[in-house]
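In the numbering used here, the protein residues as written are 2 to 189.
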Amino acid sequence: EIASCLVGSEMCIRDRVDILKGLNHTYLPQVYDFINIDGKSYIVMSYIPGKSFQELVKEGYRFTQNQLIRWGLQLCSALDYLHNQNPPIVHSDIKPSNIMLTPEGNICLIDFNISFFMDGTKMIGYSHGYSSPEQRSIVFDKNLQDIVLDDKTDIYSLGAVFFFMITRRKVNEFNDPEPVSHTHLRAH
């Protein structure tokens with residue numbers, strides 16, 4: 002899989018990809034390199050066979066309690082690994098379409114396009130129904146003061162994903178009057 006990289010300059014991308022290349026975890030794809038084609042940068046990652054949870058939900062698949070517990074533990078393991086890197090890595094776009102279910106029945110957390118490192122450099126993403134209130138505030142309210150995005154951003158999104166997988170409803174359907182049909186991105 003080749004995914005478009007959405008962070009700054011080529012040097013910034015190289016630095017980030019070099020960190021991502023060093024990651025080695027059962028529930029994360031292996032990042033190999035990045036390439037630049039016609040001024041656009043792409044991250045080269047291992048191919049992950051299977052279907053995303055978004056696809057499975059659309060197909061009407063219902064998950065058992067034991068499956069959800071198993072996958073929740075696997076995702077927590079992947080996030081713990083990311084959050085304990087130096088610098089810590091926050092995925093910041095955890096949603097059903099970014100979680101693959103492999104033919105072996107395990108998960109793989111994909112799409113590090115808007116991940117950031119808790120070192121002051123970040124891309125802010127927003128996916129309606131899954132992003133934390135802090136992400137929403139930064140993207141829509143342009144509120145940058147007193148807002149911290151950290152590992153808790155991913156934990157909120159993880160909870161929102163599992164809420165959706167159980168209820169088939171997004172968390173924000175209960176309290177967010179502004180429907181958003183796509184992911185919003187904003188660098189800062």
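By construction, the Cβ of each residue, glycine as well, lies at the ideal position given by its N, Cα and C atoms.
Keep in mind it's a predicted model, so treat the numbers as computed, not measured.
| Item | Value |
| --- | --- |
| Integer Cβ distance of V140 from Y127, believed to fall under 8 Å | 4 Å |
| Rounded separation between G61 and G160 - CA only | 20 Å |
| Rounded separation between L21 and V32 - CA only | 6 Å |
| Helix, strand or coil at L102 according to DSSP, with G and I counted as helix | strand |
| Within the stretch 136-174, ranges of the alpha helix (DSSP H) (whole runs, at least 4 residues) | 152-168 |
| Beta carbon of S98 nearer than 7 Å to that of Q55 | yes |
| Coil, strand or helix - L80 by DSSP | helix |
| Where the alpha helix (DSSP H) containing F54 begins and where it ends | 54-59 |
| Proximity below 7 Å, CB of T27 to CB of V91 | no |
| Distance between beta carbons of S53 and I100, contact taken as under 8 Å | 6 Å |
| When D34, K41, S158, R15 are compared against S47, the one with the closest alpha-carbon | D34 |
| Neighbour-count burial assignment, I70, 16 or more Cβ in a 10 Å radius | exposed |
| Residue burial classification, L74 (beta-carbon count within 10 angstroms, cutoff 16) | exposed |
| Candidates F64, S42, D81: closest to L24 by CA position | D81 |
| Delimiting residues of the beta strand (DSSP E) encompassing S133 | Premise fails: S133 is in no beta strand (DSSP E) and is neither H nor E. |
| Identity of the residues DSSP links to D34 by a beta bridge | V45 |
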